[in-house]
Amino acid sequence: MESLQPISGIWAIVAGAVKVTGIFTVLMLTIAYTTLAERKISAWIQDRHGPNRAGPLGLLQPIADGIKNFLKEETLPATAARFFFVLAPMMVLFPSLVTFAVIPIAAPLPTPVGVVDMIIADVPIGILYVMAFSSLAVYGVVLGGWASNNKYAFLGGLRASAQMVSYEVALGLSLITVLMLAGNVTLPEIIWQQQQLGMWFAFPLSLGFLLFVISAFAETNRLPFDMPEAESELVTGYHTEYSAMKFSAYMIGEFGHMVTASALMATLFLGGWDLPGTWDNAFWYQGQLISGFAADGSVIMANPAVWKTLATLAGFVAKTSFFLVLYIWIRWTLPRFRYDQVMALGWKVMLPTSLAYLMLIALTILVLDEVGVAWGFGYGLALTAVSTVCTIAFVFFVDRGRTITGAAAQRAQRVEIKTIPQPAPAGD
Amino acid sequence: MVDILFYVFAAVAIGGALGVVMAKSPVGSLLFMVTTLASVAGTYVLLEAHFLAAIQIIVYAGAIMVLFLFVIMLLNLGHDYHRDLKGGAYAVVSFAIVGAMAGMLQRQLRGSGITDAVASGGRAIDAAIAEHGAIGAIAEPLYTTYVVAFEITGILLLVAIVGALVLAKRNVA
Chain A
6 MESLQPISGI WAIVAGAVKV TGIFTVLMLT IAYTTLAERK ISAWIQDRHG
56 PNRAGPLGLL QPIADGIKNF LKEETLPATA ARFFFVLAPM MVLFPSLVTF
106 AVIPIAAPLP TPVGVVDMII ADVPIGILYV MAFSSLAVYG VVLGGWASNN
156 KYAFLGGLRA SAQMVSYEVA LGLSLITVLM LAGNVTLPEI IWQQQQLGMW
206 FAFPLSLGFL LFVISAFAET NRLPFDMPEA ESELVTGYHT EYSAMKFSAY
256 MIGEFGHMVT ASALMATLFL GGWDLPGTWD NAFWYQGQLI SGFAADGSVI
306 MANPAVWKTL ATLAGFVAKT SFFLVLYIWI RWTLPRFRYD QVMALGWKVM
356 LPTSLAYLML IALTILVLDE VGVAWGFGYG LALTAVSTVC TIAFVFFVDR
406 GRTITGAAAQ RAQRVEIKTI PQPAPAGD
Chain B
-5 MVDILFYVFA AVAIGGALGV VMAKSPVGSL LFMVTTLASV AGTYVLLEAH
45 FLAAIQIIVY AGAIMVLFLF VIMLLNLGHD YHRDLKGGAY AVVSFAIVGA
95 MAGMLQRQLR GSGITDAVAS GGRAIDAAIA EHGAIGAIAE PLYTTYVVAF
145 EITGILLLVA IVGALVLAKR NVA
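Chains A and B are the protein sequences, given in the same order. Plus 5 on top of the position in the first sequence (first one is 1) and you've got the working numbering. Under the working numbering, the residue at position 165 of the second sequence is numbered 159, and the numbers go up by one with no gaps.
See the structure below:
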């Protein structure tokens, strides 16, 4: 019988070292292969082949890119602020790599010497740690633009700072709905509350989910929000003057942010490593690893197993990959916003909507608690009903007959064009 | 370990603060300021005030200093500011004032049983965290005991924002 105690002593240090090394390596590999996925998916969307020369199916392409960037000449503009120019790429790289530390990747793993939590650091501030470090990432972008002493790079940096500050508000407000529902900020507890609710927060908080995804796109500077590097206006924006590994550091930073944001969205709204059913539930409750509460309030002990850890890890990878593909898919589908549109959307649509939604969800939670609805599936259904109405109203308000009804109108138009009588061929 | 880390953070915070006033470019000053804020957040973590550390980084380093940077870059400071700097006598007076303040602080804290207060306060905080969690320990008194003061502070900030908007609009017209 394996002991269900958390791992401790020397083994905890060993497990910590293995987790840090393993997760960091996998994160870097994921970032490298996301660049390949981006090129492959863009090729499929545009009916091309994409990179297919380096290795079978082009699978060695990221390695070839890495070697190329190592061997390229490093350029340093003569008028650049030298110190800040070199510092800026590091300031982008650092936050994007450390934020992954608080995201749980799988159910706890039982070992002969104790149970290992599949998370590098379960800090008490959880999600706030991610917010803190991701808010520092903007310095690298802004400084890089400023230090290049190039007007395009400078404009890119200015745009980045304005955009990040604008969308951080909506991001934070939509995040608060999750925190209100979960009642805590640590990510293992957010997953645990989703398991207890019987549904992932994407349903009871559907509008919060939508607002969070939009804000996360803006925060990671991905299309349609890539104003800081809009190549048709600013060459490539803040990294115009960068080459070789410094450019590569910016790219790794951007993709690192994408991977972390995807993992975060999966954790907050799609249950993280949770899979349907209660067989995989596990949470440290008063020093015991439990899987739930019985009807009389007594705890049901969890039964962790290696196969459960592997299955939940696969679930987490699948959910994160879904958001990564969504990032790429949207990039190659939607056109870029104009700068004033980005600002108008951020301040005039996202901020008031997320604020009103926050109030509504707080009110709904209060009413449900006062009425005495038990925390469980019914509670979730009531919130889902409220949120679904909000989401439909929001989508129709934002669309205003442009895209959804617009597409239908186009189809009607196509029929009309077909029925236009053709002029008779000119006689001779 | 905690002692060593405390002295590292303290040294970086003081070095950063000196850098703010001594850096040649405004952007350099700003980065030193961010360094100082981050180091202070580090000492908060050592005091197990994790929430305060996170808020310190999110609000000050992540939002307010980004706005500072935005303004510095928008006004393109850094080319013609040397005339604005006061040298000589002003610097001496500034350092004298800082020295006097440090001396007062030292007088105030020495022999006032500060270590006992810190120890008992620490125990009280540990108990509160055990009961309410890291954030509940702050939220619970903030929304019960001190709710009036908290809401009045919020209204004060709102008034300041509206006032800034009114002033900005008047300049445009």
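Even for Gly, the Cβ is constructed at its ideal location relative to N, Cα and C. None of these values were measured; they are calculated from a predicted model.
Nearest CB-CB separation between A:S166 and chain B: below the 8 Å threshold. Note on A:E234: 16 or more other CB atoms within 10 angstroms of its CB, so buried under the neighbour-count rule. Within chain B, the residues whose beta carbon sits less than 9 Å from that of A:F89 are S19, V21, G22, L25, listed in sequence order. In summary, the residues of the region 74 to 88 of chain A whose CB is separated from some CB of chain B by less than 9 Å are A86, F88, in the order they occur in the chain. At a cut-off of 8 Å between C-beta atoms, B:F62 does not count as an interface residue with respect to chain A. Judged by beta-carbon spacing, A:L228 lies beyond the 8 Å limit of A:L331, meaning their Cβ atoms are not closer than that value. Taking 7 Å as the Cβ-Cβ cut-off, the region 375 to 395 of chain A has no residue approaching chain B.
By the 16-neighbour rule on beta-carbons within 10 angstroms, B:V142 is exposed. Of the residues assessed, A:D279 falls on the buried side of the cut-off, its CB having 16 or more other CB atoms within 10 angstroms. By the C-beta criterion, the region 87 to 106 of chain A is judged to be in contact with the region 264 to 280 of chain A, since at least 3 inter-stretch pairs fall below 8 Å.
Residues of chain B whose Cβ lies closer than 8 Å to the Cβ of A:E173 are, in chain order, G56, A57. Proximity of A:I130 to chain B, defined by a Cβ-Cβ separation below 8 Å, is satisfied.
In the three-state reduction of the DSSP assignment, B:A121 falls in the helix class, which pools H, G and I. Per DSSP, the beta bridge partners of A:F288 are A:I295. The beta carbon of A:S253 sits closer than 6 Å to the beta carbons of N74 from its chain, once the five residues preceding and following it are set aside; these are given in chain order. By the neighbour-count definition (other C-beta atoms within 10 Å, threshold 16), B:E125 is an exposed residue. Taking a 10 Å sphere around the C-beta of A:E173, we find 16 or more other C-beta atoms and assign the residue as buried.
Counting only residues of its own chain and dropping the five nearest sequence neighbours on each side, A:F328 has a CB closer than 7 Å to the CB of S267, M270, A271. At least one CB of chain A lies nearer than 8 Å to the CB of B:A48.
In the three-state reduction of the DSSP assignment, A:L280 falls in the coil class, being assigned neither a helical nor a strand state. Contact between the region 175 to 193 of chain A and the region 107 to 120 of chain A is established, with three or more Cβ pairs separated by less than 8 Å. Within the region 179 to 200 of chain A, contact with chain B at the beta-carbon level (separation under 8 Å) is assigned to N189, V190. Taking the C-beta atoms as reference points, A:F274 is found no nearer than 8 Å to A:F222. For B:A154, no chain A residue has a C-beta closer than 7 Å to its own C-beta; the minimum C-beta separation is roughly 17 Å. Between the region 176 to 185 of chain A and the region 350 to 360 of chain A there are three or more inter-stretch CB-CB distances shorter than 8 Å, so the stretches are counted as touching. Assignment of A:L64 by DSSP, reduced to helix, strand and coil, places it in the coil class.
Ranked by how close their Cα comes to the Cα of A:D127, the residues A:W380, A:F288, A:C395, A:W312 have A:F288 in first place. Rounded to the nearest angstrom, the gap between the Cα atoms of B:A32 and B:Y140 is 28 Å.
Taking 8 Å as the cut-off, the Cβ atoms of A:W337 and A:G276 do not count as close. Nothing from the region 228 to 249 of chain A brings a Cβ to less than 8 Å from some Cβ of chain B. Note that the C-beta distance between A:E246 and A:S153 is below 8 Å.
Closest in C-alpha terms to A:P56, from the list A:A83, A:L41, A:I50, comes A:L41. Closest by C-alpha distance to B:V6, out of B:V14, B:T29, B:V(-4), B:S19, is B:T29.
With its beta carbon less than 8 Å from one in chain B, A:M136 belongs to the interface. Here A:W334 is actually not in contact with A:I68; their C-beta atoms are around 25 Å apart, not less than 8 Å.
Under DSSP, no beta-bridge partner is assigned to A:G261.
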